[in-house]
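**Student:**
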Amino acid sequence: MSDRLLKGIGVSPGIAIGQALVLRTTMPDVPHRVVPRLRVGKEVRRLRAAVSDVRRHLVELKLKTVDRAGVDEARIFDAQIMMLEDKDFLAGVEELIRENHLAAEKAYEFKALEMRDLWDGTGSPRLKDRLVDLNSVTVRVLEHLLHRGTTEMWDELTEARVIVAREIAPGLTVQLPRDRVLAIVSEEGTRTSHAAILAHSMGIPAVMGLAGAMDRIEPAAVVIVDGGRGTVLLHPTDEELAEARQDEVRRRELASQVADVADHPAVTLDGARIALRGNVDVPDEVDVARAHRAEGVGLLRTEFFITGRNALPSEEEQVKYFRRVGEAFAGHPVVIRTYDVGGDKLPAPFVAPAEANPFLGWRAIRVCLDQPELLRTQVRAILRAGARANLWLMIPLVTRLDEVERTRAIVHEEAAKLAAQGIEAARTIPVGVMIETPAAAVLADRFVAESDFVSVGTNDLTQYTLVVDRGNARLADRFTPHDPSVLRLLKNVADAARAAGKPASVCGEMASEPLSAFLLMGLGYDTFSVAPPALPLIRWTVRRVSVSHARTSAHAALGARSAEEVLDILRLALAQAVDLKLIEPHARLPVGPRPASLPL
Ligand code: PEP
Ligand code: MG
Numbered sequence: 258m259s260d261r262l263l264k265g266i267g268v269s270p271g272i273a274i275g276q277a278l279v280l281r282t283t284m285p286d287v288p289h290r291v292v293p294r295l296r297v298g299k300e301v302r303r304l305r306a307a308v309s310d311v312r313r314h315l316v317e318l319k320l321k322t323v324d325r326a327g328v329d330e331a332r333i334f335d336a337q338i339m340m341l342e343d344k345d346f347l348a349g350v351e352e353l354i355r356e357n358h359l360a361a362e363k364a365y366e367f368k369a370l371e372m373r374d375l376w377d378g379t380g381s382p383r384l385k386d387r388l389v390d391l392n393s394v395t396v397r398v399l400e401h402l403l404h405r406g407t408t409e410m411w412d413e414l415t416e417a418r419v420i421v422a423r424e425i426a427p428g429l430t431v432q433l434p435r436d437r438v439l440a441i442v443s444e445e446g447t448r449t450s451h452a453a454i455l456a457h458s459m460g461i462p463a464v465m466g467l468a469g470a471m472d473r474i475e476p477a478a479v480v481i482v483d484g485g486r487g488t489v490l491l492h493p494t495d496e497e498l499a500e501a502r503q504d505e506v507r508r509r510e511l512a513s514q515v516a517d518v519a520d521h522p523a524v525t526l527d528g529a530r531i532a533l534r535g536n537v538d539v540p541d542e543v544d545v546a547r548a549h550r551a552e553g554v555g556l557l558r559t560e561f562f563i564t565g566r567n568a569l570p571s572e573e574e575q576v577k578y579f580r581r582v583g584e585a586f587a588g589h590p591v592v593i594r595t596y597d598v599g600g601d602k603l604p605a606p607f608v609a610p611a612e613a614n615p616f617l618g619w620r621a622i623r624v625c626l627d628q629p630e631l632l633r634t635q636v637r638a639i640l641r642a643g644a645r646a647n648l649w650l651m652i653p654l655v656t657r658l659d660e661v662e663r664t665r666a667i668v669h670e671e672a673a674k675l676a677a678q679g680i681e682a683a684r685t686i687p688v689g690v691m692i693e694t695p696a697a698a699v700l701a702d703r704f705v706a707e708s709d710f711v712s713v714g715t716n717d718l719t720q721y722t723l724v725v726d727r728g729n730a731r732l733a734d735r736f737t738p739h740d741p742s743v744l745r746l747l748k749n750v751a752d753a754a755r756a757a758g759k760p761a762s763v764c765g766e767m768a769s770e771p772l773s774a775f776l777l778m779g780l781g782y783d784t785f786s787v788a789p790p791a792l793p794l795i796r797w798t799v800r801r802v803s804v805s806h807a808r809t810s811a812h813a814a815l816g817a818r819s820a821e822e823v824l825d826i827l828r829l830a831l832a833q834a835v836d837l838k839l840i841e842p843h844a845r846l847p848v849g850p851r852p853a854s855l856p857l
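Residues 258 to 857 in this note's numbering are what the sequence shown lists, from first letter to last.
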């Protein structure tokens with residue numbers, strides 16, 4: 258079976274069985290064309306008219322999305338409209354027209370390719386997600402300028418099919434006739450792709466990031482798509498078909514049980530209250546986290562301000578965003594992580610020599626302390642927005658105590674400056690650290706003493722403890738936070754925090770999976786921050802278990818010899834509380850260079 262089983266990323270759960278429709282799309286072929294000097298003005302007008310027409314079309318699509326997927330999902334098109342109207346980008350295109358006399362479509366294509374290379378080069382999965390949006394906008398503008406109607410690819414879709422494509426733009430997802438789409442499979446795309454989010458909202462099972470899908474899946478081949486596990490099974494046997502149908506029944510059963518407790522508090526059977534917060538990577542996710550009843554944000558990533566942009570964000574821009582998030586979660590904490598930049602993704606103004614080992618290199622707090630203006634601006638923005646919201650500041654990738662001391666000094670100095678300037682700002686804010694290196698975990702008691710709170714980043718803690726690159730698919734089996742070494746560190750951190758009476762949470766992906774959440778409760782954690790779509794399942798899990806049971810299981814797990822043994826212990830224990838078959842598709846951890854959020 259293994260040669261018939263293709264693995265990608267499950268971005269929208271559900272099992273679909275059907276024939277494949279392989280859509281082959283390409284960027285329009287744009288002929289090289291220069292125009293006489295006298296026509297330059299006309300080309301610029303043509304460009305502006307095309308942008309305005311495409312804008313109108315995107316607004317129509319947005320309205321359609323409100324009907325078909327929801328108000329929040331419709332905002333996805335705001336991202337495309339923003340890209341379309343990006344002033345710097347359009348000024349660049351106009352400059353090419355004026356100075357090089359290029360026809361509008363050639364100039365536009367040129368700038369779009371330049372942008373694509375820039376985003377691609379950052380290696381950031383978040384920007385890769387946005388590439389699909391960029392491509393989609395580019396195709397629309399180019400087709401408009403070339404006087405071609407946008408191709409309606411679903412014309413071929415006369416019967417219900419599994420759509421297979423290289424990449425799926427959100428515009429296509431929302432326009433597909435729902436009754437004729439059984440599932441979506443694409444080579445590009447991740448959990449945070451806009452098309453993934455839409456597919457999820459529309460209830461379409463989807464697998465993305467499946468390399469080679471276009472070659473491996475022949476047109477009209479019968480396939481089983483499992484949008485939870487992220488697999489596509491080619492040419493299934495009768496037995497496999499029957500099993501897939503059974504899996505789908507279980508999936509629906511779990512979904513309905515999870516939905517039943519969506520509005521209930523996360524309280525264990527023995528009365529322990531577990532706080533469930535959301536990890537918010539990009540502004541779009543604020544509403545998603547609220548929709549899933551996140552009790553605040555346990556990890557507000559701020560790298561999106563920097564990656565793929567030419568300039569650093571202003572203090573005002575950051576204040577605005579932090580205020581917005583603070584207001585969205587009034588009454589709950591919002592933990593803002595200072596820039597976790599560097600290594601593979603440095604802000605554009607900083608030029609650093611290439612490093613042989615970027616993940617062991619000039620990153621995160623190291624960059625921020627070496628370039629204090631970067632940190633100071635962010636700290637000021639947090640303090641200012643913190644005047645009216647419960648904002649906490651969290652330092653990533655600490656390995657040394659002086660990193661906490663120096664950051665605290667900066668917070669102190671900036672707060673004093675703001676006060677002296679008469680600017681409204683918090684006088685102080687809680688400062689905590691991410692425990693995501695063995696150095697910090699081993700010295701947990703010392704870091705806890707220096708901090709107001711700690712949060713464990715299990716993604717990096719696993720990577721650095723086991724010396725396994727979290728993005729290396731070849732080593733995926735070895736990337737396991739259940740390794741006894743990681744467990745011992747996790748326990749050390751929880752014990753240190755408890756002894757000092759300081760809050761400790763887990764904000765790595767580990768907490769988003771039921772077996773691990775159970776284990777973490779047993780190790781002493783009572784606060785989890787996870788990708789927002791994982792919140793309902795974790796809430797459901799918490800409500801079915803008791804902390805005392807979790808503690809005895811964690812104790813046994815700490816004595817295990819291997820990750821496999823740990824998992825066996827957890828499975829056996831959790832089987833007493835839940836039907837393991839129901840959660841089996843979730844009992845695996847996503848691996849990737851950065852955790853991609855699960856879809857809505
Ligand atoms: C982690 O390392 O676990 C974490 C939450 O941070 P990031 O995934 O952003 O590195
Ligand atoms: Mg990390």
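Even glycine gets a Cβ: it sits at the ideal position worked out from N, Cα and C. Please read all numbers here as calculations on a predicted model, not as lab measurements.
#1: At what residue ranges does the stretch 474-548 contain a whole run of the alpha helix (DSSP H), taking only runs of 4 or more?
#2: In three-state terms, what does DSSP make of leucine 433?
#3: Cutting at 6 Å between CB atoms, please list the residues of its own chain near leucine 318, excluding the five before and the five after it.
#4: Smallest Cα separation from proline 208: which of Met778, Val787, Ile795?
#5: Return yes when the Cβ of proline 695 is within less than 7 Å of the Cβ of threonine 722, no when it is not.
#6: Per DSSP, what kind of secondary structure is glutamine 276 in: helix, strand or coil?
#7: Determine the burial state of valine 724: buried for a count of at least 16 other Cβ atoms within 10 Å of its Cβ, exposed for fewer.
#8: In this structure, does DSSP put tryptophan 376 in helix, strand or coil?
#9: Any heavy atom of ligand 2 closer than 6 Å to the beta-carbon of aspartate 726?
#10: The beta strand (DSSP E) spanning alanine 422 covers which residue range?
#11: Could you tell me whether the stretch 473-493 touches the stretch 273-281, where touching means 3 or more Cβ pairs closer than 8 Å?
#12: Note the first and the last residue of the continuous alpha helix (DSSP H) segment covering valine 668.
#13: Can you check DSSP and say which residues form a bridge with leucine 557?
#14: Express the C-alpha separation of alanine 546 and proline 856 in angstroms, rounding to a whole number.
#15: CB-CB under 7 Å to arginine 507, same chain, minus the five flanking residues each way: which ones, in chain order?
#16: List in chain order the residues whose CB is within less than 7 Å of at least one heavy atom of ligand 2.
#17: Kindly identify the DSSP beta-bridge partner or partners of valine 713.
#18: Counting along the chain, where does the beta strand (DSSP E) carrying tryptophan 649 start and finish?
#19: Can you tell me which residues form a DSSP beta bridge with isoleucine 441?
#20: So is glutamine 503 buried or exposed if we call it buried at 16+ other beta carbons inside 10 Å?
#21: Beta carbon of isoleucine 354, beta carbon of alanine 369: below 7 Å?
#22: Closest by CA to histidine 358, which one among Lys344, Ala306, Val297, Ala326?
#23: Please identify the residue among Gly555, Val323, Glu662 whose C-alpha is closest to the C-alpha of alanine 532.
#24: Is it buried or exposed for threonine 737, if we count other Cβ within 10 angstroms and need 16 for buried?
#25: Only counting the same chain, and skipping five residues up and downstream in sequence, which positions put a Cβ closer than 7 Å to that of glutamate 858?
#26: Count Cβ pairs between the stretch 575-589 and the stretch 803-813 that sit closer than 8 Å; are there 3 or more?
#27: Using DSSP with H/G/I as helix, E/B as strand and the rest coil, what is serine 571?
#28: Roughly how many angstroms lie between the CA atoms of isoleucine 420 and glutamate 400, to the nearest whole one?
#29: How about cysteine 764: is its Cβ closer than 6 Å to a heavy atom in ligand 4?
#30: Mind checking whether leucine 675 and isoleucine 593 have CB atoms under 7 Å apart?
#31: Relative to the alpha-carbon of alanine 435, which residue among Asp740, Ala761, Arg325 has its alpha-carbon at the smallest distance?
#32: Using a threshold of 7 Å, state whether the C-beta atoms of valine 661 and valine 690 are closer than that.
#33: By Cβ distance, which residues of its chain are closer than 6 Å to alanine 519, with the 5 residues on each side in sequence left out?
#34: Which runs of the alpha helix (DSSP H), 4 residues or longer, sit entirely within the stretch 318-377?
#35: Using the C-alpha atoms, what's the distance from valine 308 back to serine 393?
#36: Can you confirm whether the stretch 753-766 touches the stretch 713-721 when touching is taken to mean that 3 or more C-beta pairs between the two stretches lie within less than 8 Å?
**Tutor:** The answer reads as follows:
#1: When DSSP assignments are scanned along the stretch 474-548, the uninterrupted stretches of alpha helix (DSSP H) that are 4 or more residues long and fall wholly within it turn out to be 495-517, 542-548.
#2: Here residue 433 refers to the residue found at position 176 of the sequence shown. Three-state DSSP puts leucine 433 in coil, outside helix and strand.
#3: Here residue 318 refers to the residue found at position 61 of the sequence shown. Closer than 6 Å at Cβ, skipping near neighbours: Phe334, Gly428.
#4: The requested residue 208 is not part of the displayed model; the chain covers only 258 to 857.
#5: As a position in the sequence shown, residue 722 is number 465, starting the count at 1. As a position in the sequence shown, residue 695 is number 438, starting the count at 1. Yes, they are a contact pair.
#6: Here residue 276 is taken as the residue at index 19 of the sequence shown, counted from 1. DSSP places glutamine 276 in strand when its eight states are reduced to three.
#7: Residue 724 sits at position 467 when you count from the first residue of the sequence shown. Taking all protein chains shown into account, valine 724 has fewer than 16 neighbouring C-beta atoms within 10 Å of its C-beta and is therefore exposed.
#8: For the purposes of this step, residue 376 is taken as the residue at position 119 of the sequence shown. Residue state, collapsed to three classes: helix.
#9: If you number the sequence shown from 1, residue 726 lands on position 469. The answer is no for aspartate 726.
#10: Mapped onto the sequence shown, residue 422 falls at position 165. 418-422 is the extent of the beta strand (DSSP E) around alanine 422.
#11: yes
#12: Translated into positions along the sequence shown, residue 668 becomes position 411. From DSSP, the alpha helix (DSSP H) with valine 668 extends over 658-677.
#13: Counted from its first residue, the sequence shown places residue 557 at position 300. Beta-bridge pairing links leucine 557 to Val537, Ile593.
#14: On the sequence shown, position 599 is the one that residue 856 refers to. On the sequence shown, position 289 is the one that residue 546 refers to. Low confidence applies here, because proline 856 scores a pLDDT of 27, under 50, leaving its location unreliable and the question unanswered by this model.
#15: Working through the sequence shown from its first residue, we reach residue 507 at position 250. In the same chain as arginine 507, and ignoring 5 residues on each side of it, the C-beta atoms closer than 7 Å to its own belong to Lys838, Leu839, in chain order.
#16: Asp597, Pro653, Leu654, Met691, Glu693, Gly714, Asn716, Asp717
#17: Along the sequence shown, one-based indexing puts residue 713 at 456. BP columns for valine 713 point to Ile692, Val763.
#18: Locating residue 649 in the sequence shown gives position 392, counting from the first residue. Element bounds for tryptophan 649: 648-652.
#19: On the sequence shown, residue 441 is found 184 positions in, with the first residue counted as 1. Note: isoleucine 441 sits in a beta bridge opposite Ile420, Ala463.
#20: As a working note, residue 503 is residue 246 in the sequence shown. Glutamine 503 should be labelled exposed.
#21: Your numbering for residue 354 matches position 97 in the sequence shown. Your numbering for residue 369 matches position 112 in the sequence shown. Their beta carbons are not under 7 Å apart, which means isoleucine 354 does not touch alanine 369 by this criterion.
#22: Position 101 of the sequence shown holds residue 358. The shortest C-alpha separation from histidine 358 is found at Val297.
#23: In the sequence shown, counting from the first residue as 1, residue 532 sits at position 275. Nearest option by C-alpha distance: Gly555.
#24: Reading the sequence shown from its first residue, position 480 is the one you call residue 737. The residue is buried, with at least 16 neighbouring Cβ atoms inside 10 Å.
#25: Nothing can be reported for residue 858: it is not among the residues displayed for the chain, which extend from 258 to 857.
#26: no
#27: Looking up residue 571 in the sequence shown gives position 314. Here serine 571 sits in coil by DSSP.
#28: Translated into the one-based positions of the sequence shown, residue 420 becomes position 163. Translated into the one-based positions of the sequence shown, residue 400 becomes position 143. The straight-line gap from Cα to Cα measures roughly 23 Å.
#29: Summarising the ligand content, the structure contains ligand 1 and ligand 2 and does not contain ligand 4.
#30: Within the sequence shown, the letter at position 418 stands for residue 675. Within the sequence shown, the letter at position 336 stands for residue 593. Taking 7 Å as the Cβ cut-off, leucine 675 and isoleucine 593 do not qualify as a contacting pair.
#31: On the sequence shown, residue 435 is found 178 positions in, with the first residue counted as 1. It should be pointed out that residue 435 corresponds to arginine in this sequence rather than to alanine. When only C-alpha atoms are compared, the closest one is Arg325.
#32: For this step, residue 661 is matched to residue 404 along the sequence shown. For this step, residue 690 is matched to residue 433 along the sequence shown. Result yes, Cβ atoms of valine 661 and valine 690 sit closer than 7 Å.
#33: Position 262 of the sequence shown, counted from the start, is the residue given in the question as residue 519. Closer than 6 Å at the Cβ level, and outside the excluded window around alanine 519, lie Pro793.
#34: 328-331, 333-342, 344-357
#35: One-based indexing of the sequence shown puts residue 393 at position 136. One-based indexing of the sequence shown puts residue 308 at position 51. Distance between the alpha carbons of serine 393 and valine 308 is about 13 Å.
#36: yes
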